[in-house]
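Counting with the working numbering, you get residues 9 to 136 for the letters of the sequence shown. Below is one structure, written out as structure tokens; comments come after it.
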Amino acid sequence: MKTHTTNLTKEVVKIEIGTEFNEKTQAISGYFELDIESQAKFVKAINQIINRGKGKIILDMRYINYIDSSGLWAIFEGHKKALHNNGQLVILKPSKDVKRVLDITKMSSKIKVVQTEEAALAVLGAAN
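This is the structure in structure tokens:
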């Protein structure tokens, strides 16, 4: 699991997750499974962001092609921790299959799911 965080505003951080990170382009790529094997690393990455005082998080899920119950738990834990720190977690660009899981489990009724970064910023009250 590779992560890359970008400060979009003073308050908002975008986290991207994949299997590869290109230092030259600063881009994440490679499809990734958020499951029992990777959920601890994911929780650690979210906790590091929140511990730095950033509670408004955009979770870019474009490269997550599979999610199981432990991955759902990890996202929900990140969401709860963000809320407890006066923030919010927004899910950006989940794949069709992952979006279906989010909908079936009703996770998408608890955590806002959007398709554009601008929409995510608007949800977080940080639109330009």
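Think of the CB as a built atom: it goes at the ideal place given N, C-alpha and C, for glycine as much as any other residue.
A straight line joining the alpha-carbon of isoleucine 25 with that of glycine 79 spans about 13 Å. Residue burial annotation: alanine 53 is buried, with at least 16 other C-beta atoms found within 10 angstroms of its C-beta. Apart from sequence neighbours up to five positions away, the residues of its chain that approach glutamate 28 with a beta-carbon distance below 8 Å are Lys10, Ile36, Ser37, Gly38, ordered along the chain. Under the DSSP assignment, asparagine 59 falls in the alpha helix (DSSP H) whose first and last residues are 47-59.
Here threonine 17 is not near leucine 91, since their CB atoms are 9 Å or more apart.
Between isoleucine 72 and valine 21, the C-beta spacing is not below 9 Å.
Looking at the DSSP output, phenylalanine 29 sits in a beta bridge with Ile36. One alpha carbon belongs to lysine 49, the other to asparagine 55, and they sit about 10 Å apart. The beta-carbon distance between aspartate 43 and isoleucine 75, rounded to whole angstroms, is 7 Å. This is short enough to meet the 8 Å contact definition. Rounded to whole angstroms, lysine 120 and lysine 89 show a C-alpha spacing of 15 Å. Residue nearest to lysine 104 within the set Lys118, Ala82, Asn59, Val122 is Val122 (criterion: CA-CA distance). Taking all protein chains in view, the Cβ of serine 46 is crowded by 16 or more other Cβ atoms within 10 Å, so the residue is classified as buried.
Each of Val51, Glu19, Phe84, His12 was checked against the Cα of glutamine 34, and the nearest Cα belongs to His12.
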